[in-house]
Amino acid sequence: MSTIRRPAGTVRLFAVLAAASLAVTACGDGDGGPTAGGGGGGGGGDAADYPDQNITFVVPFSAGGPTDTVTRLIAEPMSEELGQQIVVQNVEGAGGTVASGEVANAEPDGYTVLMHHIGMSTAPALYQDLGFDPLEDFEMIGLVTEVPMTIVARNDFEPETLEDLIDYVSANADSVTLANAGIGAASHLCGLLFQDAIGATVQEVPYEGTGPALTDLIGGQVDFMCDQTTNTTSQITAGEVKAYAVTTPERVDSLPDLPTTEEAGLPDLQVGVWHGLYVPAGTPEEIVTQLSDALKVALADQGVIDQMGDLGTAPVAEEDATPEAHRARLEEQIETWGQIIADAGVEQS
Ligand code: MLT
111 MSTIRRPAGT VRLFAVLAAA SLAVTACGDG DGGPTAGGGG GGGGGDAADY PDQNITFVVP
171 FSAGGPTDTV TRLIAEPMSE ELGQQIVVQN VEGAGGTVAS GEVANAEPDG YTVLMHHIGM
231 STAPALYQDL GFDPLEDFEM IGLVTEVPMT IVARNDFEPE TLEDLIDYVS ANADSVTLAN
291 AGIGAASHLC GLLFQDAIGA TVQEVPYEGT GPALTDLIGG QVDFMCDQTT NTTSQITAGE
351 VKAYAVTTPE RVDSLPDLPT TEEAGLPDLQ VGVWHGLYVP AGTPEEIVTQ LSDALKVALA
411 DQGVIDQMGD LGTAPVAEED ATPEAHRARL EEQIETWGQI IADAGVEQS
């Protein structure tokens, strides 16, 4: 069993449960990807007039999940700063790679923006034919926020502690089910690391997002999963799911009673979920700068800070909400996770 090293640069990532009713319009059922001409009904205005129509923020997982939540929280203040409505569109599939591929091919006019997380850095190691290059086919706008993961189970699942869970899963690997949001999703990566850390392989049950996965977990249709505090904090607090640990070096303020994986006996399982915004390569620099500046305004918004705090999270530092910091993190994470995934002997899909 290979040792799971803590990825260099693993950062504490915090998530957000958007309580704000945002000036954003949820739309799209994921069938149609971002329109080629930009999400706002087709780009075309030049950079000097940008933005002169709606902007589409693409979320690569189901509505109501952690990625959707983070997106909607920052979308309102960004919309106010940019002076245009932001339309949030969920484009699910293949652990976030369907949406990423579609945004990579969208018009580079600033009207189609992708929110993605650590999955952008693991996809190259997990997919043989990705169809896009995370570093070449996108301009980075900036890092957004950073999320811990929690290991949770259906309430009537037998194991009471993480140690019990390790013993139970090891002894019943052929009958235990582990939910995730598809190969390359953060929940998949964390589940991979958990299985590798305990030397057992269980039956994975993929969903289009951990929003629906958590619904099934609460309903008892699946046994356990790794998911971000964005999605699990309120259910853990309400006692709707069993929680074993949080995958960060320190406990999360919003879940003070939840031990870290280190405290609970799995010190090598530490994984955080960093999020960033992307636009297609070739998007004019002045548009990238406008979006990055609007992101910084959103992350300094007291409402955003407070809502992030509800889940023990905080915006990244201003200097990280920049294209340069985002690109540096993505480059380092692609290299780090590529090695860890190879060491774990994971077959590419
Ligand atoms: C989601 O938004 O559903 C999650 O980010 C999926 C995942 O990455 O586990």
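Residues 111 to 459 in my numbering are what the sequence shown spells out, letter by letter.
Note that beta-carbon positions come from the ideal geometry of N, C-alpha and C, so glycine has one too.
As the structure is a prediction and not an experimental result, all values here were calculated from the model.
So what does DSSP say about Ala348, is it helix, strand or coil? By one-based count along the sequence shown, residue 348 stands at place 238. The answer is coil: DSSP assigns Ala348 none of H, G, I, E or B.
Reduced DSSP category for Phe304 - H, G, I as helix; E, B as strand; rest coil: As a position in the sequence shown, residue 304 is number 194, starting the count at 1. In the structure shown, the three-state DSSP call for Phe304 is helix.
Cβ-based neighbour list, Asp430, same chain, cut-off 6 Å, excluding 5 preceding and 5 following: Position 320 of the sequence shown, counted from the start, is the residue given in the question as residue 430. The residues are Leu253.
Could you have a look at Val315 and say whether DSSP puts it in helix, strand or coil? On the sequence shown, position 205 is the one that residue 315 refers to. Three-state DSSP puts Val315 in a strand.
For Leu440, which residues from the same chain have a beta carbon less than 8 Å from its beta carbon, with the 5 sequence-adjacent residues on both sides left out? Position 330 of the sequence shown, counted from the start, is the residue given in the question as residue 440. Excluding sequence neighbours, Leu440 sits near Met230, Ser231, Pro244, Leu245, Met250, Gly386.
Relative to the C-alpha of Phe171, which candidate in Gly321, Asp156, Gln238, Leu288 has its C-alpha closest? Here residue 171 refers to the residue found at position 61 of the sequence shown. The candidate whose alpha carbon is nearest that of Phe171 is Gly321.
So what does DSSP say about Thr145, is it helix, strand or coil? Here residue 145 is taken as the residue at index 35 of the sequence shown, counted from 1. Its pLDDT being 43, under 50, Thr145 is placed unreliably by the model, and the measurement read from it follows with that caveat. Assignment of Thr145 by DSSP, reduced to helix, strand and coil, places it in the coil class.
For Leu379 and Tyr221, I'd like the C-alpha separation in whole angstroms. As a first step, residue 379 must be located in the sequence shown, where it is residue number 269. As a first step, residue 221 must be located in the sequence shown, where it is residue number 111. Cα to Cα, the separation comes out at about 38 Å.
So what's Ile450 in DSSP terms, helix, strand or just coil? Within the sequence shown, residue 450 is the residue found at index 340, counting from 1. Here DSSP, grouped into helix, strand and coil, assigns Ile450 to helix.
Between the beta-carbon of Gly382 and the beta-carbon of Gly294, is there less than 7 Å? The count along the sequence shown starts at 1 and reaches residue 382 at position 272. The count along the sequence shown starts at 1 and reaches residue 294 at position 184. No; because the gap between Cβ atoms is not below 7 Å, this pair is not in contact.
Tell me whether Thr320 counts as near the ligand MLT, meaning its Cβ is closer than 6 Å to at least one heavy atom of that ligand. As a first step, residue 320 is located in the sequence shown; it is residue number 210 there, counting from the start. Within the cutoff, so yes.
Tell me, please, whether the region 254-262 touches the region 359-373 by the rule of three or more beta-carbon pairs shorter than 8 Å. A contact between stretches requires three or more CB pairs, one per stretch, nearer than 8 Å, and the region 254-262 meets this requirement with the region 359-373.
When the distance is taken between beta carbons, is Ala235 closer than 7 Å to Gly448? By one-based count along the sequence shown, residue 448 stands at place 338. By one-based count along the sequence shown, residue 235 stands at place 125. In this structure, Ala235 lies closer than 7 Å to Gly448 by Cβ.
Can you tell me the Cα-Cα spacing of Glu256 and Pro425, whole angstroms? As a first step, residue 256 must be located in the sequence shown, where it is residue number 146. As a first step, residue 425 must be located in the sequence shown, where it is residue number 315. When rounded, the distance between both Cα atoms is 8 Å.
Cβ-based burial, Pro176 [other Cβ within 10 Å; buried from 16]: Reading the sequence shown from its first residue, position 66 is the one you call residue 176. Answer is buried; the Cβ neighbour count reaches 16.
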